[in-house]
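All remarks here apply to the structure that follows.
Chains as they are written, first to last, in this note's numbering: chain B, 269 to 609; chain U, 269 to 609.
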């Protein structure tokens, strides 16, 4: 099966499992679940059904593809795949509050529509429901010890997410963040969850520990590459494709990899002078871009993304599975490389 | 052993388990854990050790007392007791953001000191660490099926907490909240977690299902009584004892039981006229108090608290355990009755 055929088969299963996890029969809670369903992309802001993108579902897809590659039954891994996507969406709802982002995927964010108090609670509800959904693994024929191992990995990832988020916020006030510190931050914020996705897929397929670890490392390295490409798009991306204003990460003074790298380079002192201003405006963007170009910050970031990508492929080879079994994951990884949105 | 002797034995065990769960060896995360430890009462706002109250630890105490009453080993239940207290503190950190409360237990709240973005993440970290702490049950000799049952009950309670919080916020804009709706709200916001505390204590003692259910119901009914008494203190409490300004719940127009009851009584129309004002001030307090007195809202609330208290004691008797085994829980329940802080 090609990756397209797999996606055509898995995406509806994922969507159905997600919808079951986030619905309620209780009329008094319709608004509570309505906000969650709005965020997942199924409802508009008046809670009417809508058609349109609600996210790529990349993480649950990775989970099911890893499960299938390790010769597991994807039905068994579905609760884990859905739990991971719900957890990811919990973190997006709270990130949007923390970053004061008014829009996501071209639509107003939950806090922008219903206020910070409701949005904090909507995120908490998604966090709680992610755990409850994962708990449904026990309904399938998964041995209890394996369910507990899945829960332990899940909880470790939840902790890592909040640590990455803390580091990210603590970087806001600093101009001396090192590339290593940046890598530790995205390890928690992005890579841990993608590593969990592939690791749990293999675990629930009943793969041996070494194979699970290789799958987990594949997702984790892919996550590092994914985040660095995201950083590149946040500065040099095409607004029409990304849905975010061009150079938005510069105006928001985000400590993404190209900036962190340049701050530690020969252009560092001149860049710090710009970044010490209380606010950066559109007029400062050309000066920042010129300094980033001077030290080839984009090329450096691209090389680091490529390196992480190669490490991901090496980890995939380490699983010891056949090329045929691994082909869909290779295809998915290739489609993320040099992406433009 | 009297309740005092039990408390002297259990409280240090609880505190030690909590401290182990919330510490980090990582220097880069010292601030992240520092904020959590501040909230738990161990550090001051400069992250220096402090001595002073950080909460009553009522829920973990209930958990260990229930475990001991059901002839279990409290060491086995300790991870659950600590996880419950951490979960409770997650909900307090987020409640304080949602209610814009500047102080708690006489100290500035986390968001008031470090801002909303960090406070959202501190709450999330406590939520994640609560789950990880519960997962440590698997390190003891607890059968995996029982650990999974404990996790399922824990996750159901997390979901109930966010539902109760949603209902509470949805009541803010309404003047037609019924007493039944109020009871459904505090069931999620307060009673579910106290029911979990006693239920998990009995479950981890290996008690049969019927006994676990009776313990759970005891905690749940005690939680209803506890919340109603809290509502009474929020209106008629002594500022010097509660640490909250007198009648603060009136000025904040909270839909607590006495107000919900009075809004549905003969004084309802006059009370609604007052509550329709965009703001209530200290000058409105005497008028509100007079209307509450006219329909004996305090007496009604006290009778409802007493009824829930009697139901709690009946559930305790239903456990079928000896009076001697149940005595400490009876004593604790009695100490909460008619409390003044």
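We treat Cβ as the ideally placed atom computed from N, Cα and C, and that holds for glycine.
Would you mind stating whether residue i and residue j have Cβ atoms separated by less than 8 Å?
i             : j             : result
residue 470/B : residue 427/U : no
residue 278/B : residue 355/B : no
residue 467/U : residue 480/U : yes
residue 524/U : residue 552/U : no
residue 589/U : residue 336/U : no
residue 473/B : residue 422/B : no
residue 566/B : residue 560/B : yes
residue 405/B : residue 415/B : yes
residue 550/B : residue 519/B : yes
residue 347/B : residue 425/B : no
residue 459/B : residue 495/B : yes
residue 497/U : residue 607/U : yes
residue 365/B : residue 387/B : yes
residue 576/U : residue 489/U : yes
residue 599/U : residue 271/U : yes
residue 602/U : residue 493/U : no
residue 419/B : residue 403/U : yes
residue 452/B : residue 435/B : yes
residue 569/U : residue 529/U : yes
residue 597/U : residue 298/U : no
residue 286/B : residue 353/B : yes
Closer than 9 Å by beta-carbon distance: list the chain U residues that pair up with residue i, in chain order.
i             : result
residue 420/B : 400, 403 and 406
residue 427/B : 393, 396, 397, 399 and 400
Which chain U residues sit within Cβ distance under 7 Å of residue i?
i             : result
residue 297/B : 431 and 434
Contact check, residue i vs residue j under 8 Å by CB: the rounded distance?
i             : j             : result
residue 442/B : residue 583/B : That belief does not hold up - the Cβ atoms of residue 442/B and residue 583/B are roughly 32 Å apart, past 8 Å.
residue 465/B : residue 330/B : 4 Å
residue 437/B : residue 389/U : 7 Å
residue 487/U : residue 463/U : 4 Å
residue 398/B : residue 439/B : Incorrect: roughly 26 Å between the Cβ atoms, too far for contact.
residue 540/B : residue 531/B : 6 Å
residue 300/U : residue 431/B : 7 Å
residue 609/U : residue 510/U : 5 Å
Give the interface partners of residue i over in chain B, defined as CB-CB distance under 8 Å, in chain order.
i             : result
residue 555/U : Those within 8 Å of residue 555/U in chain B number zero; the least Cβ separation is about 28 Å.
residue 413/U : 412
residue 416/U : 403, 406, 412, 415 and 416
Going along chain B, which residues have a C-beta under 9 Å from residue i?
i             : result
residue 546/U : What residue 546/U touches in chain B: nothing, since even the nearest Cβ is about 16 Å away.
For a contact meaning CB atoms closer than 7 Å, what does residue i contact in chain B?
i             : result
residue 423/U : 396, 399, 400 and 403
Can you determine whether any heavy atom of the ligand PLP sits closer than 7 Å to the C-beta of residue i, and answer yes or no?
i             : result
residue 272/B : Among the components modelled here there is no ligand, and therefore nothing to report on the ligand PLP.
Do the stretch 341-348 of chain U and the stretch 373-381 of chain U touch if we need at least three Cβ pairs shorter than 8 Å?
Taking 8 Å as the limit for Cβ pairs, the verdict is that the stretch 373-381 of chain U does not touch the stretch 341-348 of chain U.
Tell me whether the stretch 592-599 of chain B and the stretch 502-522 of chain B touch, counting them as touching only if at least three CB pairs, one residue from each stretch, are closer than 8 Å.
These segments do not touch.
If you measure beta-carbon to beta-carbon, which residues of the stretch 571-589 of chain U are closer than 7 Å to chain B?
none
Chain U contacts from the stretch 383-397 of chain B (Cβ-Cβ distance under 7 Å)
384, 385, 386, 388, 389, 392, 393, 395, 396 and 397
Closer than 8 Å, Cβ to any Cβ of chain B: which residues of the stretch 461-476 of chain U, in chain order?
none
Contact the stretch 299-310 of chain B vs the stretch 322-337 of chain B: 3+ CB pairs below 8 Å:
The stretch 299-310 of chain B is in contact with the stretch 322-337 of chain B.
Please determine if the stretch 360-374 of chain U and the stretch 406-422 of chain U are in contact, where contact requires at least 3 C-beta pairs separated by less than 8 Å.
Judged by Cβ distances under 8 Å, the stretch 360-374 of chain U makes no contact with the stretch 406-422 of chain U, as fewer than three pairs qualify.
Check whether the stretch 525-539 of chain B and the stretch 437-453 of chain B touch, using three or more Cβ-Cβ pairs below 8 Å as the test.
yes
Using a Cβ-Cβ cutoff of 8 Å, what residues of the stretch 298-325 of chain U are near chain B? List them in chain order.
From the stretch 298-325 of chain U, only 299 and 300 have a Cβ closer than 8 Å to chain B.
Count the CB pairs spanning the stretch 278-291 of chain U and the stretch 289-298 of chain B that are closer than 8 Å, and state whether there are at least three.
no
Name the residues in the stretch 359-373 of chain B whose C-beta lies less than 7 Å from a C-beta of chain U; which are they?
362, 365 and 366
Check distances from the C-beta atoms of the stretch 433-454 of chain B to those of chain U and list, in chain order, the residues that come in under 8 Å.
433, 434, 435, 437, 438, 449 and 452
Can you pull out the residues from the stretch 488-503 of chain B whose beta carbon lies closer than 8 Å to at least one beta carbon of chain U?
Going along the stretch 488-503 of chain B in chain order, one finds no residue with a Cβ nearer than 8 Å to chain U.
Contact residues within the stretch 272-292 of chain B, judged by C-beta distance below 9 Å to chain U:
292
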